[in-house]
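Trainee: The sequence shown begins at 474 in the numbering used here and counts up by one. A virtual CB, placed ideally from N, CA and C, is assigned to each residue, including glycine. Pasting a structure below so you can have a look.
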Amino acid sequence: QERALERARAMAAASTGAQAAQKAKEKFGPPIATLEELERQANVVFTATGPISRLLKAPAAQVGVILQGAPAMVQFESLKGGTLATFGRGFGDGGACTAGDIQRAKSLMPKLLPVPDTREVALGKLKQLRALIQEISRRSALPADQAIRSIGTTEDGKPVIQLPDGRQMVVE
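Put into structure tokens, the structure is as follows:
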């Protein structure tokens, strides 16, 4: 009987783990798909290679977006702005996004305006966002006491998360 009880407990734990993994996949599938498209577009849009190049590209980026003379830039900004809630929900508890959730998601994204990020910074932000989503997704499949959680922002609006071991981390 003890072996049967142990097997039943193991099966229940495996089932719970599989359910948690499926929920994590459902929750983080849309952000990952959105991120893949943002990465594809960012490879086209962000061309500045240093601080001077960044400043020189600022007027063209502003005019290109405002007058829609640079469709790739307009589409990137549109996709980024239209999907911020997707990322905000991915970091929260799944309810309605607050203005703070959106602001935190926005701070993780590459920016074109008023001065575009360099290519290295823009692609680095998306790479960091991908790693963060993957880590949160992985931890979402863990028991609640081992999960990562958002605990607020720094004074300059950067997200702060708490790791299962109690350490806090600022997401740059």
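(1) Just curious, the alpha helix (DSSP H) that residue 576 is in, first and last residue?
(2) Nearest CA to the CA of residue 585: which residue from 574, 603, 598, 575?
(3) Does the Cβ of residue 474 have 16 or more other Cβ atoms within 10 Å, making it buried, or fewer, making it exposed?
(4) Please state whether DSSP places residue 626 in a helix, a strand or coil.
(5) Whole angstroms is fine: what's the gap from residue 514's alpha carbon to residue 641's?
(6) Please work out which residues of its chain come closer than 6 angstroms, Cβ to Cβ, to residue 559, disregarding the five sequence neighbours upstream and downstream, and give them in chain order.
(7) Could you check the C-alpha separation between residue 611 and residue 605 for me, to the nearest Å?
(8) Can at least three beta-carbon pairs, one atom from the region 516-536 and one from the region 573-580, be found at a separation below 8 angstroms?
(9) Let me know the secondary structure DSSP gives residue 588 once reduced to three states.
(10) With a threshold of 16 other CB atoms inside 10 Å of the CB of residue 589, please say whether the residue is buried or exposed.
(11) In three-state DSSP terms, what is residue 540?
(12) Assign residue 510 to buried or exposed, taking buried as 16 or more other Cβ atoms, counted over all protein chains shown, within 10 Å of its Cβ.
(13) Could you check the C-alpha separation between residue 593 and residue 531 for me, to the nearest Å?
(14) To the nearest angstrom, how far is it from the Cα of residue 629 to the Cα of residue 540?
(15) With DSSP as the reference, identify every bridge partner of residue 606, one or two as the case may be.
(16) What's the gap between the Cα of residue 596 and the Cα of residue 603?
(17) Please state if the CB of residue 553 and the CB of residue 582 are separated by a distance shorter than 8 angstroms.
Mentor: Looking at the coordinates:
(1) Counted as a single uninterrupted DSSP element, the alpha helix (DSSP H) harbouring residue 576 occupies residues 572-580.
(2) When 574, 603, 598, 575 are compared, the shortest CA-CA separation from residue 585 is found for 598.
(3) With a pLDDT of 47 at residue 474, under the threshold of 50, the modelled position of this residue cannot be trusted, and the question is left open.
(4) Three-state DSSP puts residue 626 in a strand.
(5) Roughly 32 angstroms separates the two Cα atoms.
(6) Cβ-Cβ distances below 6 angstroms link residue 559 to 503, 504, 507 in the same chain, with the five nearest sequence neighbours on each side left out; the list follows chain order.
(7) Between the alpha carbons of residue 611 and residue 605 lies a gap of roughly 10 angstroms.
(8) In this structure the region 516-536 does not lie against the region 573-580, because fewer than three pairs of beta carbons, one per stretch, are closer than 8 angstroms.
(9) Three-state DSSP puts residue 588 in coil, outside helix and strand.
(10) Under this definition residue 589 is a buried residue.
(11) Reduced to three states, the DSSP call for residue 540 is coil.
(12) It is exposed - the Cβ of residue 510 has fewer than 16 other Cβ atoms within 10 Å.
(13) Their Cα atoms are separated by approximately 16 angstroms.
(14) Distance between the alpha carbons of residue 629 and residue 540: 31 angstroms.
(15) Within the DSSP secondary-structure output, residue 606 pairs in no beta bridge.
(16) Roughly 10 angstroms between the two C-alpha positions.
(17) Yes, these two residues count as a Cβ contact at 8 angstroms.
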